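Trainee: Just passing along the structure, written as structure tokens.
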Amino acid sequence: MRNVTQPTLLPVLPDKEVATGAAVIVVPGGGFQFVSIDNEGYPIAQWLADRGIAAFVLKYRVMETPAPEDEFSVHMDRMFAPTPDTVPIDIREGLSVAVVDAQAALELVEARSEAWGIDASRIGMLGFSAGAMTTLGITLKDGDAPRPDFIGYIYGPMTPVDISGEVPPMFAALAADDSLFGDQGFGLVESWKDGGGAVELHYYASGGHGFGSYKRGVTADGWFDQFICWMKAQGLLDIPVEE
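The C-terminal position of the sequence shown is numbered 336 in the working numbering, with every residue numbered one higher than the one before it.
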């Protein structure tokens with residue numbers, strides 16, 4: 094989805110018989126030029142709901158791009174296939190707006206947690222690429238605004254960050270052949286560890302960038318099942334026993 098000017102949040106709720114009380118806000122990628130909602134949004138949310146996790150697909154505002162497809166292709170070449178005379182695109186212009194929208198989504202889910210059958214202490218965020226950057230931006234934001242209780246960080250940048258204060262548990266996944274971030278090292282993971290945060294990293298031999306909901310017969314295909322296993326191990330899917 095391109096040229097999004099009005100953010101929306103789509104709930105995909107589990108059947109009450111299987112609901113765990115956990116919730117995940119799904120933040121697709123797209124380089125802040127579009128929202129990759131068909132790969133990293135709707136199908137991911139349905140997978141979560143099928144496993145008893147309330148899911149919320151965030152369609153956040155993105156940077157303006159040309160409407161005609163041929164002009165859009167030229168625009169995207171400025172990002173991924175630049176030439177010496179290319180005017181670069183600074184995607185950081187889109188990050189701040191996406192963070193604002195994601196923060197509003199988190200506050201909305203917290204405010205309506207009781208109505209949606211959600212445990213307000215188990216609301217996480219699962220971001221892909223630019224969505225991972227957005228998730229990280231909220232997690233490390235200064236101030237008293239709500240932060241996610243856990244995060245999934247899927248093929249986002251791996252550069253180090255400054256950690257001050259507590260950070261939530263992180264599940265990180267990246268493919269070695271990721272053309273954008275596969276050769277950056279693991280500075281983010283080291284920063285998380287040094288800052289006292291719990292982190293689990295899955296570094297797949299193959300999968301490229303944007304594996305999301307695709308099944309390609311590569312090792313990265315297993316990331317979602319491993320994310321669910323991680324959530325279980327963190328106690329995030331434990332259903333409270335009523336006394």
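All C-beta atoms in this analysis are idealised placements derived from N, C-alpha and C, irrespective of residue type, glycine included. Quick caveat, the model's predicted, so the values are computed rather than measured.
1) Three or more C-beta pairs closer than 8 Å, one from the segment 104–114 and one from the segment 139–148: is that the case here?
2) Do the segment 147–163 and the segment 317–325 make contact, defined as three or more Cβ pairs closer than 8 Å?
3) Where does His168 sit, in a helix, a strand or coil, going by DSSP?
4) Among Ser306, Ser189 and Ala223, whose alpha-carbon lies nearest the alpha-carbon of Phe274?
5) Can you round the beta-carbon distance between Met94 and Phe127 to whole angstroms, since I take them to be within the 8 Å contact cut?
6) Taking Ala197 and Val120 to be in contact with their CB atoms under 8 Å, please state how far apart those CB atoms are, rounded to whole angstroms.
7) Would Tyr246 pass as a contact of Thr228 if the rule is Cβ separation under 8 Å?
8) Only counting the same chain, and skipping five residues up and downstream in sequence, which positions put a Cβ closer than 7 Å to that of Pro239?
9) Less than 8 Å between the CB atoms is what I'm expecting for Ile184 and Met218, so what's the real figure, rounded?
10) Determine whether the beta carbon atoms of Pro253 and Gly289 lie at a separation below 8 Å.
11) What does Arg95 pair with, by DSSP beta-bridge criteria?
12) CA-CA distance, Ser272 and Phe264?
13) By DSSP, does Thr101 sit in helix, in strand, or in coil?
14) Under a Cβ-count criterion, where at least 16 other Cβ atoms within 10 Å of its own Cβ denotes burial, should Thr113 be classed as buried or exposed?
15) Report the three-state DSSP secondary structure of Ile341 (helix, strand or coil).
Mentor: Looking at the coordinates:
1) yes
2) no
3) Sequence index remark: in the sequence shown, residue 168 carries index 75 (1-based). Three-state DSSP puts His168 in a helix.
4) On the sequence shown, position 181 is the one that residue 274 refers to. Checked all of Ser306, Ser189 and Ala223; the closest Cα to Phe274 is Ala223.
5) Taking the sequence shown and counting its residues from 1, one reaches residue 94 at position 1. Taking the sequence shown and counting its residues from 1, one reaches residue 127 at position 34. Right, their Cβ atoms sit about 6 Å apart.
6) Taking the first residue of the sequence shown as position 1, residue 197 is located at position 104. Taking the first residue of the sequence shown as position 1, residue 120 is located at position 27. That pair is no contact at about 12 Å.
7) The count along the sequence shown starts at 1 and reaches residue 246 at position 153. The count along the sequence shown starts at 1 and reaches residue 228 at position 135. Cβ atoms of Tyr246 and Thr228: closer than 8 Å.
8) Counted from its first residue, the sequence shown places residue 239 at position 146. The residues are Leu199, Glu200 and Glu203.
9) What you label residue 184 is simply residue 91 of the sequence shown in a count that begins at 1. What you label residue 218 is simply residue 125 of the sequence shown in a count that begins at 1. Their Cβ separation, rounded to whole angstroms, is 19 Å, which puts Ile184 and Met218 out of contact at 8 Å.
10) For the purposes of this step, residue 253 is identified with residue 160 of the sequence shown, where counting begins at 1. For the purposes of this step, residue 289 is identified with residue 196 of the sequence shown, where counting begins at 1. No. Outside cutoff.
11) Mapped onto the sequence shown, residue 95 falls at position 2. According to DSSP, Arg95 bridges with Phe127.
12) The residue labelled residue 272 in the question sits at position 179 within the sequence shown. The residue labelled residue 264 in the question sits at position 171 within the sequence shown. Cα to Cα, the separation comes out at about 21 Å.
13) What you label residue 101 is simply residue 8 of the sequence shown in a count that begins at 1. Of the three classes helix, strand and coil, the one that applies to Thr101 here is strand, per DSSP.
14) For this step, residue 113 is matched to residue 20 along the sequence shown. Per the 10 Å Cβ criterion, buried.
15) A question about residue 341 goes unanswered here, because the residues of the chain that appear run from 94 up to 336.
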